[in-house]
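Engineer: Going down the list, the protein sequences come from chains F and X. Residue 142 is where the first sequence starts when you use this note's numbering, and the numbers rise one by one after that. Residue 142 is where the second sequence starts when you use this note's numbering, and the numbers rise one by one after that. Yeah, the Cβ is synthetic: ideal placement off N, Cα and C, and Gly gets one too. Everything numeric in this text was worked out from a predicted model, so none of it was measured. Next up is a structure, given as structure tokens.
2 protein chains.
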Amino acid sequence: MTTTNACNTDGNCPAEGLLKQLSGKWKPQIFRLAAEGPVRFNALLRQLEGANKQSIAVALRELESGEILEKVVVREKPLHIEYHLSEKGKSLLPVFKTLETLL
Amino acid sequence: MTTTNACNTDGNCPAEGLLKQLSGKWKPQIFRLAAEGPVRFNALLRQLEGANKQSIAVALRELESGEILEKVVVREKPLHIEYHLSEKGKSLLPVFKTLETLL
DNA sequence: TCAATAAGTCAGAAAAATATGACTACTACA
DNA sequence: TGTAGTAGTCATATTTTTCTGACTTATTGA
Numbered sequence: 142m143t144t145t146n147a148c149n150t151d152g153n154c155p156a157e158g159l160l161k162q163l164s165g166k167w168k169p170q171i172f173r174l175a176a177e178g179p180v181r182f183n184a185l186l187r188q189l190e191g192a193n194k195q196s197i198a199v200a201l202r203e204l205e206s207g208e209i210l211e212k213v214v215v216r217e218k219p220l221h222i223e224y225h226l227s228e229k230g231k232s233l234l235p236v237f238k239t240l241e242t243l244l
Numbered sequence: 142m143t144t145t146n147a148c149n150t151d152g153n154c155p156a157e158g159l160l161k162q163l164s165g166k167w168k169p170q171i172f173r174l175a176a177e178g179p180v181r182f183n184a185l186l187r188q189l190e191g192a193n194k195q196s197i198a199v200a201l202r203e204l205e206s207g208e209i210l211e212k213v214v215v216r217e218k219p220l221h222i223e224y225h226l227s228e229k230g231k232s233l234l235p236v237f238k239t240l241e242t243l244l
């Protein structure tokens, strides 16, 4: 056999990519909050102690481009933006649940 | 109820800690190689293109302190050191297997 | 029209992660 | 005794990530 696992010859694994999409200072926490309900930019800034605009903006953009969160413009007043957990994001939840049991 | 998930009020999750223990430039790859069999310092240096001593040393130390790898002195000639996947490390494998199916 | 809320961007500074190259310590073999 | 293999450490440099503070744009309510 040429390979014994799901990793390719470049040394990349799907799981590594996913790991990367969720790593960083704020992304895990944003993911966790989004799992409880839609999150918003300014609210995150207040909820996540020590966080700054720039980092939150970058984290949201990356979670969105990784298709873990979805950006939704809510046409109510006040007009605002919500980030929702995508289907892919939801599919990660049981995995994390399992991880939590492994100390 | 006071909380709906396994996270505490400090904003820390067990899963986040685990994520952190496996994140970084080399740790995921070392973990993956260790899943196939014992790994060694100099061998990793050759296997992981672009890696340097320092980073490998740090990564191994952190994986060891996170109890994902175990350091084993092999009293054969030449005397050398092997890093083995621990029980905790092994328990992560099926989780990663699952992650790989989630794109 | 003015002030507030919401969601950002941008340039530059600071902090953290990684990389470089020289050096160490031990074992083994000729 | 000298050279090679194995597994590192250490100080310093470079790169990447994160932070700071000022600024922007659109909507809303008084």
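Which residues of chain F have a Cβ atom closer than 8 angstroms to the Cβ of E157/X, listed in chain order?
Structural biologist: The contacting residues are P169, Q170 and R173.
Engineer: Which residues does DSSP list as the beta-bridge partners of L210/X?
Structural biologist: According to DSSP, L210/X bridges with L226/X.
Engineer: If we count the other Cβ atoms within 10 Å of its Cβ and call it buried at 16 or more, is P219/F buried or exposed?
Structural biologist: P219/F should be labelled exposed.
Engineer: Would the beta-carbon of L159/X fall within 8 angstroms of that of L185/F?
Structural biologist: No.
Engineer: Could you tell me whether any Cβ in chain F is nearer than 8 angstroms to the Cβ of T145/X?
Structural biologist: Bear in mind that a pLDDT of 38 at T145/X, under 50, signals an unreliable position, so the model cannot answer this.
Engineer: Tell me the DSSP bridge mates of V180/X?
Structural biologist: The partner list for V180/X (beta bridge, DSSP) reads Y224/X.
Engineer: Would you mind sorting L201/X into buried or exposed? The rule is 16 or more other CB atoms within 10 Å of its CB.
Structural biologist: Label assigned to L201/X: buried.
Engineer: Work out the CA separation of V214/X and S196/F for me, nearest whole Å.
Structural biologist: Looking at the two C-alpha atoms, the distance is approximately 43 angstroms.
Engineer: Mind checking whether I209/X and F172/X have CB atoms under 8 angstroms apart?
Structural biologist: Yes, the Cβ-Cβ distance between I209/X and F172/X is below 8 angstroms.
Engineer: Can you tell which of G191/X, K161/X and L226/X has the C-alpha that lies nearest to the C-alpha of E177/X?
Structural biologist: Selected option, being the one with the closest Cα: L226/X.
Engineer: Is any beta-carbon of chain X found at less than 8 angstroms from that of F182/F?
Structural biologist: Cβ-Cβ to chain X under 8 angstroms: no for F182/F.
Engineer: K161/X to E190/X, Cα distance in whole Å?
Structural biologist: Rounded to the nearest angstrom, the two C-alpha atoms are 23 angstroms apart.
Engineer: Under the assumption that E205/X contacts P169/F (Cβ atoms under 8 angstroms), give the Cβ distance between them as a whole number of angstroms.
Structural biologist: Contact doesn't hold; Cβ gap of about 23 angstroms is too wide.
Engineer: Please compile the residues from chain F whose C-beta is within a distance smaller than 8 angstroms of the C-beta of V199/X.
Structural biologist: Simply none; closest approach about 16 angstroms.
Engineer: Rounded to whole angstroms, what's the CA-CA distance from V180/F to N193/X? Just pull it up for me.
Structural biologist: When rounded, the distance between both Cα atoms is 40 angstroms.
Engineer: Just to confirm, is the Cβ distance from L244/F to K229/X under 8 angstroms?
Structural biologist: The answer is yes: Cβ separation under 8 angstroms.
Engineer: Could you check which residue in E203/F, A175/F and R187/F has the C-alpha nearest to that of L234/F?
Structural biologist: Of the candidates E203/F, A175/F and R187/F, the one whose C-alpha sits nearest the C-alpha of L234/F is A175/F.
Engineer: Can you have a look at E203/F and say buried or exposed, based on whether 16 or more other CB atoms are within 10 angstroms of its CB?
Structural biologist: Buried: at least 16 other Cβ atoms inside 10 Å.
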